[in-house]
Amino acid sequence: MTTLEILLLLAVLVGVLVAGWLLQVVRPLIVNAVVGLVVLAIAQFGFGLPVAVTPTVLVIVAIGGVPGSLLVLALSLFGVAFVP
16 MTTLEILLLL AVLVGVLVAG WLLQVVRPLI VNAVVGLVVL AIAQFGFGLP
66 VAVTPTVLVI VAIGGVPGSL LVLALSLFGV AFVP
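Position one of the sequence shown corresponds to residue 16 (the numbering used here), numbered consecutively onward.
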C-alpha cells in the first residue's frame, strides 16, 4: 500500500466514524420531529381541528416536537395564529 492509499483509508474511516456519531446525536431530534408531525396530523385529520399548515408551522413542529405541535394547536384554536 502506498502512503496515499493509507491516508485515503484513514480519511474514509474518520468520515464513517463522524457520520455514525452524528446519526447517534441527531436521532432523538428526528424522532421528536416525526412524533410532533404525527400529533399535528392526527389533530387535523382525526379530530378536525383547523390549522393552517405553513412553512412556519412545520419548522415550529419539527423543532419543538410534541410541545411545538400543542403550541400551534392552542394558538390556532384560540384564533391567535395559524388560523386557516
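We put the beta carbon where it would ideally sit given N, CA and C, even for glycine.
Nothing here was measured: the structure is a model prediction, and the numbers come from that model.
| Item | Value |
| --- | --- |
| Residue 80, buried or exposed, once every other Cβ within 10 Å from all chains shown has been counted against 16 | buried |
| Backbone secondary structure at residue 17 - three-state DSSP | coil |
| Through-space distance from residue 44 to residue 88, alpha-carbon basis | 20 Å |
| Rounded straight-line distance, which links the Cα of residue 22 to that of residue 35 | 20 Å |
| Nearest residue (CA-CA) to residue 63, options 54, 70, 46 and 71 | 54 |
| Exposure label - residue 60; buried when at least 16 CB within 10 Å | exposed |
| Coil, strand or helix - residue 74 by DSSP | helix |
| Contacts around residue 33, its chain only, beta-carbon distance under 6 Å, and the 5 residues preceding and following it disregarded | none |
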